[in-house]
Amino acid sequence: GVRAMQAAGEQFPALAGFYPKPKEVTVSWILSVQQLCGIYSPFTVEANFNGDMPTYNIPHTICHELSHLKGFMREDEANFIGYLGCICSREQAFRYSGYLTGWVYAGNALYQADPEAYMALADQLCDQARRDLAGNNAFWDRYEGKVAQVSNQMNDVYLKANSQEDGVKSYGRMVDLMLEYYRDPERWVGGR
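Mapping of the sequence shown onto the working numbering: position 18 corresponds to residue 75, and the numbering continues sequentially without gaps.
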């Protein structure tokens, strides 16, 4: 994760510099029950991740949490920077995580706008991606319940109290940033 973010920092100066080693939460099931992939601790300045979740989620989560260390506290920005960190990585697992996470967010947005177009694209996914997405859904479905609902509500209130008006919906606004990036990638280089 550190190397991925440093590679992103070569292209995007705002991401350059030191990153501490991300840490797996010792009792990751606590995050699973809350349906959380990771958590940034401002008190210890640490990026923490849920080691129990499906493996493909871990690289993006690590990069997402590390982005908070550079001052990107908005969740849409952290998701997008997590995506950039992954796709800038030299590691295939990180690139896969970034692109598959990007697919999930973009796919969800497309499904809401045009379910038929979504289904046509989803049919083109490779078998590995389909298995990973099915495994991801099965994993998180095990933790549906009251604790997850309360956790989601608390996160929503926290985000809104910290000037993220869309609350938990702000995570999905990563798609807007991805679209802007692909419309004009040169604008993003150099932190402009």
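Cβ coordinates follow ideal geometry from the N, Cα and C atoms, glycine included.
DSSP-derived helix/strand/coil call for residue i
i           : result
residue 164 : helix
residue 73  : coil
residue 107 : coil
residue 97  : strand
residue 237 : helix
residue 201 : coil
residue 81  : strand
residue 183 : coil
residue 171 : coil
residue 67  : helix
residue 112 : coil
residue 62  : helix
Best match in the options for proximity to residue i [C-alpha to C-alpha]
i           : options           : result
residue 108 : 82, 90, 120       : 82
residue 238 : 141, 66, 184, 125 : 141
residue 186 : 156, 59, 147      : 156
residue 86  : 200, 244, 78      : 200
residue 169 : 101, 120, 232     : 232
residue 144 : 64, 80, 175       : 64
residue 148 : 117, 244, 190     : 117
residue 90  : 110, 102, 162     : 110
Anticipated Cβ contact below 8 Å, residue i with residue j, distance rounded
i          : j           : result
residue 96 : residue 105 : 5 Å
Other residues of its chain near residue i: CB distance less than 6 Å, five sequence neighbours each side excluded
i           : result
residue 73  : 66
residue 205 : Since pLDDT at residue 205 reaches only 45, below the 50 mark, its modelled position is unreliable, and the value read off the structure follows with that caveat. Closer than 6 Å at Cβ, skipping near neighbours: 92.
Neighbourhood of residue i by C-beta, 7 Å cutoff - its chain only, sequence neighbours within 5 removed
i           : result
residue 78  : 59
residue 135 : 121, 124, 125, 129
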